[in-house]
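First to last, the sequence lines map onto chains A and B.
Going by this note's numbering, the letters in the first sequence line up with residues 1 to 313, in that order.
Going by this note's numbering, the letters in the second sequence line up with residues 1001 to 1313, in that order.
Structure record follows, encoded as structure tokens.
Number of protein chains: 2
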Amino acid sequence: MASKEKVAIIGSGLIGQSWAMIFVSAGYRVQMYDNQPEKVITAIKSIVDQLNNLESKKLLRGNLSASEQAALISGATTMSEVLQDVFWVQECVFEDVALKQKVFKHIDSMLKCDPILCSSTSFIPPSQFMGHIRHRSSALVNHPVNPPYFAPLTELVPSPWTKPEIVSRAKAILTEVGQKPIVVKKEVPGFIINRIQDAIFAEAYRLIEDDVVSVEDLDAVMSEGLGMRYAFTGPWETAHLNANGMTEYFEKYAQGIFDVQSTFKPVKKMEGPTAEKIIEAMNKKVPMETLNERRKWRDEMMIKLSQIKKSSQ
Amino acid sequence: MASKEKVAIIGSGLIGQSWAMIFVSAGYRVQMYDNQPEKVITAIKSIVDQLNNLESKKLLRGNLSASEQAALISGATTMSEVLQDVFWVQECVFEDVALKQKVFKHIDSMLKCDPILCSSTSFIPPSQFMGHIRHRSSALVNHPVNPPYFAPLTELVPSPWTKPEIVSRAKAILTEVGQKPIVVKKEVPGFIINRIQDAIFAEAYRLIEDDVVSVEDLDAVMSEGLGMRYAFTGPWETAHLNANGMTEYFEKYAQGIFDVQSTFKPVKKMEGPTAEKIIEAMNKKVPMETLNERRKWRDEMMIKLSQIKKSSQ
């Protein structure tokens, strides 16, 4: 089998491991680097275990076997090694702006080719750590939804210096490896994924604080109701289908929605007794020692969901 | 087969049909009434078609066959007939407060037994149309998510006069028929389902208005990302699993979330050029003549999702 170009993963944590698995699923060679080399060894071992486990459950992505995919992954002991002949760099280090600045400067100084440079940051604006490098026109944020292997969405956030053709190329490659990239046209705090999530948190928190609903029942509103629609159609298409089209939806409901929205109280930082109440309910529902088991269940459910979605296309 | 008690459905539209299908799936007898009797005939025909179609796709709810379920449904030509020996009344007329007041007064005056009285209203506070009747202590809102047959969530909203044991009994019966009832402890505008949905609309609309993202990409944030998690875990449990538990989640992210939330702009009524842009995008994605086909796809996907969720319990 002729393997494809080489992807460099900088940082060997869970997000780095996920990106590695996504790229090898489509036949790309992946090399992983971490400033603590022993972590790379552990990470690759974990990836191979995950690939084998997914294969045994018929949940593996792509057309290659687990062993074929595993054979595409290697570790690098130096930054210059991982960056050699690379066509895509995916940075996956901790969410710290000074660290990202340092890592991107380091990458930039070592590069002898001109790959697409991506950061996995979930919220740090690209202009804050991508503007000071020579290769800034090839750099952008590529932020996945957790867990990335199971939810295909990823948001591309160009900086003011990113060339439009880099965004298009990144979009095409991510689509090829089975992700669903969207483009955030302007830098906004939280990008899109977190802004939508935080809008939900804002109201969910107020409803718990005002004792309108229990923590468990609030979660069920999503998992047994709205979320079962949103797994297939976004908010606009859901509305389009619920009424006889979007025009009728706005005619019938825009005023009522605005009236409800006008009763939203100011946002509050999630701390104190209400936060404690939520912590208590969650620790009761999914005790700490069962978190991993529950995550595995969630991941398996999500890939089965992907399979039923694919089967209908 | 010994059939269970009788449910009265008042109103023969899509929500009335869904409730009929849900109750017969669990073996209850259902009688349907509409002030336009010919509509009852059409509705029952439509229900039988839907049951047969679901059975042929192995998507039928419950343990009875489609024909056994169909045999449990009949029409009534008068209000007094439909209310005879009934144990549950589900009102499903148009969303109009004066009409609901009239219908509940009518039901109240004809009743010769003491059933649970439910309204399917999605937003009219129960105190506005359930306070003036003799049976008000047995009356409450039972608002499903659309499409009710495929999303089990339903919100129970007691009025100030509803007896707590009626709420408990309604909850038990709805659980028995396969729904997932939650309790809204106090009357709030939009109840819970619409408040969460409207919080999403508020931010989704602002992001389109500010041209941060396209309409299609905004929808993908849900359907290819957040929604695929929310189909299994609500916002709190999602956070609990994403971090090493809820305590760590709040410690790590509460400040960042609050900072993002603090940038939310005021809510806007969805009308004018931005609304037009959304209408245009939706009419392009799902043209009006294909709405029904797309709804059928969505319903089928949702019931397959229910099946994978059930298989893991």
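Every residue, glycine too, gets a C-beta built ideally from N, C-alpha and C.
Residue range of the beta strand (DSSP E) that includes residue i
i	result
A:Val30	Arg29 to Tyr33
B:Pro1144	Ala1139 to Pro1144
A:Ser74	Ile73 to Gly75
Short CB-CB distance (under 8 Å) between residue i and chain B
i	result
A:Thr263	yes
A:Val157	no
A:Met302	yes
A:Ala344	The structure shown does not extend to residue 344 of chain A, since chain A is modelled only from 1 to 313, so the question has no answer here.
A:Trp297	yes
A:Ile308	yes
A:Asn146	yes
A:Met222	yes
A:Thr233	yes
A:Glu176	no
A:Gly190	yes
A:Lys100	no
A:Gly256	yes
A:Asp259	yes
A:Lys185	yes
A:Glu81	no
A:Leu207	yes
C-alpha distance - residue i paired with residue j, whole-angstrom precision
i	j	result
A:Arg110	A:Lys163	Contrary to the premise, residue 110 of chain A reads as Met rather than Arg in this sequence. Rounded to the nearest angstrom, the two C-alpha atoms are 21 Å apart.
B:Ser1159	B:Val1007	21 Å
B:Ser1223	A:Thr233	5 Å
A:Glu68	B:Lys1057	37 Å
B:Thr1247	A:Met302	25 Å
A:Lys285	B:His1240	10 Å
B:Asp1049	A:Gly11	56 Å
A:Gly256	B:Ala1020	28 Å
B:Leu1140	A:Asn146	39 Å
B:Lys1039	B:Ser1046	10 Å
B:Ser1119	B:Val1267	29 Å
A:Trp161	A:Glu176	25 Å
A:Ala151	B:Ile1196	22 Å
B:Gly1013	B:Ala1043	7 Å
B:Glu1209	B:Val1024	45 Å
B:Phe1104	A:Val221	27 Å
B:Gln1261	B:Glu1251	17 Å
A:Leu291	A:Asn283	9 Å
B:Asn1035	B:His1132	22 Å
B:Ala1254	A:Glu55	37 Å
B:Arg1295	A:Lys309	14 Å
A:Pro273	A:Gln17	37 Å
A:Tyr230	A:Thr238	8 Å
A:Pro235	B:Asp1217	11 Å
B:Thr1077	B:Pro1037	6 Å
Cβ of residue i within 8 Å of any chain A Cβ
i	result
B:Tyr1028	no
B:Arg1061	no
B:Asn1142	no
B:Thr1247	yes
B:Tyr1230	yes
B:Ser1012	no
B:Ser1312	yes
B:Ile1196	yes
B:Asp1217	yes
B:His1240	yes
B:Asn1283	yes
B:Gly1131	no
B:Leu1226	yes
Closer than 7 Å: residue i CB and nearest the ligand ADP heavy atom
i	result
B:Ile1308	The ligand content of the structure shown is nil, which means the ligand ADP is not present either.
Nearest-angstrom Cβ-Cβ length linking residue i and residue j, presumed shorter than 8 Å
i	j	result
B:Gln1101	B:Phe1129	4 Å
A:Val30	A:Leu72	6 Å
A:Gly75	B:Ile1193	Not a contact, Cβ separation roughly 49 Å.
A:Ala170	A:Ile116	5 Å
A:Leu305	B:Leu1153	No, A:Leu305 and B:Leu1153 are not in contact; Cβ-Cβ is about 17 Å, not under 8 Å.
B:Ser1009	B:Gln1084	The question names Ser, yet the displayed sequence has Ile at residue 1009 of chain B. With 8 Å as the limit, B:Ile1009 and B:Gln1084 do not qualify as a contact, their Cβ atoms being about 14 Å apart.
B:Val1215	B:Ala1275	Going by Cβ atoms, the distance from B:Val1215 to B:Ala1275 rounds to 11 Å, so no, they are not a contact pair.
B:Lys1265	B:Arg1206	5 Å
Range of the contiguous alpha helix (DSSP H) that encloses residue i
i	result
A:Gln90	Careful: A:Gln90 lies outside any alpha helix (DSSP H), inside the beta strand (DSSP E) at Val86 to Glu91.
B:Ser1080	Met1079 to Val1082
**OP:** Quick one: which unbroken alpha helix (DSSP H) runs of 4-plus residues sit fully inside the stretch 95 to 155 of chain A? Chain order, please.
**Re:** 97 to 110
Original post:
For the stretch 1002 to 1068 of chain B, which segments carrying the alpha helix (DSSP H) assignment without a break, of at least 4 residues, lie completely within its bounds, in sequence order?
Top reply: 1014 to 1025 and 1037 to 1056
Original post:
Where are the beta strand (DSSP E) runs, 3 residues long or more, that stay fully inside the stretch 167 to 247 of chain A, in chain order?
Top reply: 180 to 183
Original post:
Could you give the uninterrupted runs of the beta strand (DSSP E) lying entirely in the stretch 1246 to 1312 of chain B, keeping only those of 3 residues or more?
Top reply: none
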